[in-house]
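Below is one structure, written out as structure tokens; the observations come after it.
In my numbering, the protein residues as written are 1246 to 1358.
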């Protein structure tokens, strides 16, 4: 079994594997080898969730906090799930549907399901 690489956040070597995830006990960061080995196109923007996992089109995501929708009385609750997301350019980089409402969200408020 290969040893995990240094933590990409705190750069310390004190890391270990848990299943298919690498974990840094010093800073608590978790990442997968697939995230490190993902081919990055020249100039392509990499979209990461609140935990640092790379998001791709078609992923399912879960909200990590309650969000008020501007211009509406709707509040999206923590734990709401969106299936089949689509990544777009811009400040709000995830296009999805939650409870039948089409929304544009920032990836920092989502985690991969």
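Each residue gets a CB set at the ideal place from its N, CA and C atoms; glycine is no exception.
Residue closest to residue 1335, alpha-carbon to alpha-carbon, out of 1352, 1347 and 1277: Locating residue 1335 in the chain shown gives position 90, where the first residue counts as 1. Among 1352, 1347 and 1277, the Cα nearest to that of residue 1335 belongs to 1352.
Among 1253, 1291 and 1350, nearest to residue 1321 - alpha-carbon criterion = The count along the chain shown starts at 1 and reaches residue 1321 at position 76. The residue with the shortest Cα to Cα distance from residue 1321 is 1350.
Original post:
Considering only the beta carbon of each residue, do residue 1268 and residue 1258 sit closer than 8 Å?
Top reply: As a position in the chain shown, residue 1268 is number 23, starting the count at 1. As a position in the chain shown, residue 1258 is number 13, starting the count at 1. Cβ distance not < 8 Å, so residue 1268 and residue 1258 don't count as in contact.
In whole angstroms, give me the CA-to-CA distance for residue 1255 and residue 1272. Along the chain shown, read from residue 1 onward, the residue named residue 1255 stands at position 10. Along the chain shown, read from residue 1 onward, the residue named residue 1272 stands at position 27. About 7 Å.
- Which term fits residue 1330, buried or exposed, when burial requires 16 or more other beta carbons within 10 angstroms of its beta carbon? Looking up residue 1330 in the chain shown gives position 85. Here residue 1330 is buried, its C-beta having at least 16 other C-beta atoms within 10 Å.
Exercise. Out of 1252, 1294 and 1251, point me to the one whose CA is closest to residue 1357's CA.
Key: On the chain shown, residue 1357 is found 112 positions in, with the first residue counted as 1. Minimum Cα distance to residue 1357 is reached at 1294.
query: residue 1267 bridges to which residues according to DSSP?
result: As a working mapping, residue 1267 is identified with position 22 in the chain shown. Per DSSP, 1262 and 1276.
*residue 1352 in three-state terms, based on DSSP*: On the chain shown, position 107 is the one that residue 1352 refers to. Three-state result, residue 1352: helix.
Residue 1355 beta carbon less than 8 Å from that of residue 1307: Locating residue 1307 in the chain shown gives position 62, where the first residue counts as 1. Locating residue 1355 in the chain shown gives position 110, where the first residue counts as 1. When the beta-carbon positions are compared, residue 1307 and residue 1355 come within less than 8 Å of each other.
Three-state secondary structure (DSSP) of residue 1320
On the chain shown, residue 1320 is found 75 positions in, with the first residue counted as 1. In the structure shown, residue 1320 sits in a strand (DSSP, three-state: E or B).
field: Contacting residues, own chain, Cβ-Cβ under 6 Å from residue 1252 (five flanking each side not counted)
entry: If you number the chain shown from 1, residue 1252 lands on position 7. Here the set comprises 1260, 1269 and 1274.
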